[in-house]
Amino acid sequence: MGSMTVANAPTWCTGDVERRAWAVGAEVAAVFADEVDRDARFPVEGVDALRSAGLLAAMVPTELGGEGASLASIAGATRALAAHCSATALVMAMHQIEIWYLILHGHTPGLQGLLRSVATDGVLIANANSEVGLGGEVGRSFCAVERTGDGRFHLEKDVLAVSYGANADALLLTARRDPEAAEGEQVMVGCRPGTFRLDQTTDWNTTGLRGTCSASFKATVDEDEEMIFPTPWGTIGAQCIGATTILLNSVWLGIAEAAATRAHAYVRADARRKIGTTPASAPLLAEVSVTLGEARAIMASTIAAYEAAVGTEDLESASLLLAVRNLKLSVTTLAIEIVSKASLICGLAGYKRDSPYSMDRNLRDVLGGPLMANNSRAAGENAQLLLAMKAI
Ligand SMILES: Cc1cc2nc3c(=O)[nH]c(=O)nc-3n(C[C@H](O)[C@H](O)[C@H](O)COP(=O)(O)OP(=O)(O)OC[C@H]3O[C@@H](n4cnc5c(N)ncnc54)[C@H](O)[C@@H]3O)c2cc1C
Numbered sequence: 222m223g224s225m226t227v228a229n230a231p232t233w234c235t236g237d238v239e240r241r242a243w244a245v246g247a248e249v250a251a252v253f254a255d256e257v258d259r260d261a262r263f264p265v266e267g268v269d270a271l272r273s274a275g276l277l278a279a280m281v282p283t284e285l286g287g288e289g290a291s292l293a294s295i296a297g298a299t300r301a302l303a304a305h306c307s308a309t310a311l312v313m314a315m316h317q318i319e320i321w322y323l324i325l326h327g328h329t330p331g332l333q334g335l336l337r338s339v340a341t342d343g344v345l346i347a348n349a350n351s352e353v354g355l356g357g358e359v360g361r362s363f364c365a366v367e368r369t370g371d372g373r374f375h376l377e378k379d380v381l382a383v384s385y386g387a388n389a390d391a392l393l394l395t396a397r398r399d400p401e402a403a404e405g406e407q408v409m410v411g412c413r414p415g416t417f418r419l420d421q422t423t424d425w426n427t428t429g430l431r432g433t434c435s436a437s438f439k440a441t442v443d444e445d446e447e448m449i450f451p452t453p454w455g456t457i458g459a460q461c462i463g464a465t466t467i468l469l470n471s472v473w474l475g476i477a478e479a480a481a482t483r484a485h486a487y488v489r490a491d492a493r494r495k496i497g498t499t500p501a502s503a504p505l506l507a508e509v510s511v512t513l514g515e516a517r518a519i520m521a522s523t524i525a526a527y528e529a530a531v532g533t534e535d536l537e538s539a540s541l542l543l544a545v546r547n548l549k550l551s552v553t554t555l556a557i558e559i560v561s562k563a564s565l566i567c568g569l570a571g572y573k574r575d576s577p578y579s580m581d582r583n584l585r586d587v588l589g590g591p592l593m594a595n596n597s598r599a600a601g602e603n604a605q606l607l608l609a610m611k612a613i
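Okay, so the sequence shown: first residue is 222 according to the numbering used here, each after it adds one.
Take a look at the structure:
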């Protein structure tokens, strides 16, 4: 990937990891993005290019064969990819979320081995936390880990959605810690290649985000007990929600930035055609730049707050949790506003699917942000949290 150009990379894209991601996005993922969207298929070319560029393993600690890249760099890389192909960017985001769970809490030899295999074998990890019948509620599970008495366990789960489930090499998922446990007494388990089956039970034919291929699956797992995370899922989830939110929202921000960039180009082209006059849509572009500034600022401040809290007791503080959910509520809303206004600026040229100013994928993809997972749920949880907080 070293020979790839980083032409047209945005000014914020300065780090090595971010620039490599931009190159993968511009030179590979963008080429197949329309086809991936049309056919609702896995973005195999983009993901292979990420693997070849060392980006799937970039955040894996150096002692396990990775580059030890920061969460901020990986968020930037995700945002860079999203400008070109939402599916490739979301695969990057979700795989890195699994890496983050393993970095913070994968403290068994088996789980460390899984993390190492991302660097040595290019293993792609998916997530199967959601369960049929529970919607977006990941704090409960129906399914349970069944220990078989020989240091191994068996687990069956009806998963609501597993993005790129049919293409994943490994899997992380939640379950009750044993068949007698209450629904909220959950563990997270890791499944190495060859230890699980995913049988697809639904199609994935959506308005946008079509290339994530997030169908429902029946998961069947037979693994070693050392693949059960030693820390309860409640703690893992609370400590990792910041990284999850930062990475997913980097996708929505990247989609919005791409739309704003196209609208900017449209207005500048218009200005060149009518030298001496300000294009009629220029004030709307100025509005877009305000909103984009807001989205970029809340992303930057939340990344800084979360990274500063890692390794301290602040990682589970109410104020950080509030800020993290606000990042989602804010960026998903602002991104839709930015893409809608960018579409208005480009007018018919933006509405056409075959124009260089087309907003087709941006518009459809960005609408997935508020329901992955649902904003009403995040708002409801923050409403509860604020009742208990003494300061806002
Ligand atoms: C593109 C995409 C990829 C995904 N990939 C994965 C994956 O890889 N792995 C995985 O496990 N899951 C994945 N999911 C599933 C995701 O994590 C959620 O489980 C799923 O989006 C929840 O869907 P839902 O709308 O049916 O449920 P809910 O979020 O439960 O929402 C259902 C309805 O209830 C309402 N609602 C819920 N809670 C509240 C509340 N507190 N207050 C008010 N209203 C409320 C919502 O507004 C909504 O109308 C993916 C989802 C999407 C869209």
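Yeah, the Cβ is synthetic: ideal placement off N, Cα and C, and Gly gets one too.
Contacts around residue i, its chain only, beta-carbon distance under 7 angstroms, and the 5 residues preceding and following it disregarded
i, result
"His326", "Phe450, Thr452, Ile457"
"Ala340", "Ala278, Val281, Leu285, Gly286, Gly287"
Distance cut-off 7 angstroms: residue i Cβ against heavy atoms of ligand 1
i, result
"Thr433", "yes"
"Leu595", "Correcting the residue type first, residue 595 is Asn in the shown sequence and not Leu. Indeed, a heavy atom of ligand 1 lies less than 7 angstroms from the Cβ."
"Glu358", "yes"
"Leu592", "yes"
"Met313", "no"
"Asn348", "yes"
"Val380", "yes"
"Ser510", "no"
"Arg489", "no"
"Gly589", "yes"
"Leu543", "no"
"Ser471", "no"
"Ser384", "yes"
"Arg361", "no"
"Gly415", "no"
Endpoints, alpha helix (DSSP H) assigned at residue i
i, result
"Lys439", "Premise fails: Lys439 lies in the beta strand (DSSP E), 438-445, not in any alpha helix (DSSP H)."
"Asp586", "581-587"
"Asp342", "330-342"
"Ala503", "503-530"
"Asp269", "265-273"
Contacts around residue i, its chain only, beta-carbon distance under 6 angstroms, and the 5 residues preceding and following it disregarded
i, result
"Pro282", "Gly289"
"Asn229", "none"
"Ala481", "Val509, Leu513, Ile559, Ala563"
"Val312", "Val268, Tyr385"
"Asp390", "Val344, Leu345, Pro414"
Nearest to residue i (by Cα), restricted to the options the options
i, options, result
"Leu505", "Arg489, Cys461, Ser294", "Arg489"
"Val252", "Arg240, Ala477, Val268", "Val268"
"Ala486", "Gly475, Ala503, Thr498, Ile476", "Ala503"
"Ala382", "Arg361, Leu419, Asp390", "Leu419"
"Glu404", "Gly455, Ile476, Ala516, Leu323", "Gly455"
"Leu474", "Lys378, Gly334, Arg397, Thr553", "Thr553"
"Ala314", "Thr465, Ser576, Ala530", "Thr465"
"Asp342", "Pro414, Leu394, Lys378, Arg300", "Pro414"
"Ser437", "Arg494, Gly571, Lys378", "Lys378"
Enclosing beta strand (DSSP E) for residue i [first to last residue]
i, result
"Cys412", "407-412"
"Lys378", "373-380"
"Ala304", "That residue, Ala304, is in no beta strand (DSSP E); it is neither H nor E in DSSP."
"Ala347", "346-348"
Contacting residues, own chain, Cβ-Cβ under 8 angstroms from residue i (five flanking each side not counted)
i, result
"Ala479", "Ala303, Ala304, His305, Asn583"
"Gly357", "Ser351, Ala594, Asn595, Arg598"
"Ser224", "Caution is warranted here: a pLDDT of 42 is assigned to Ser224, below 50, making its placement in the model unreliable, and the coordinate value is therefore given only provisionally. Nothing meets the Cβ criterion."
"Glu367", "Phe374, His375, Leu376, Asp399, Pro400"
"Leu355", "Arg361, Ser362, Phe363, Leu381"
"Gln407", "Gly360, Arg361, Ser362, Thr395, Ala396, Arg397, Arg398, Pro453, Trp454, Gly455"
CB-CB length for residue i against residue j, believed under 8 angstroms
i, j, result
"Ile462", "Thr523", "That pair is no contact at about 11 angstroms."
"Ser579", "Val472", "Not a contact, Cβ separation roughly 19 angstroms."
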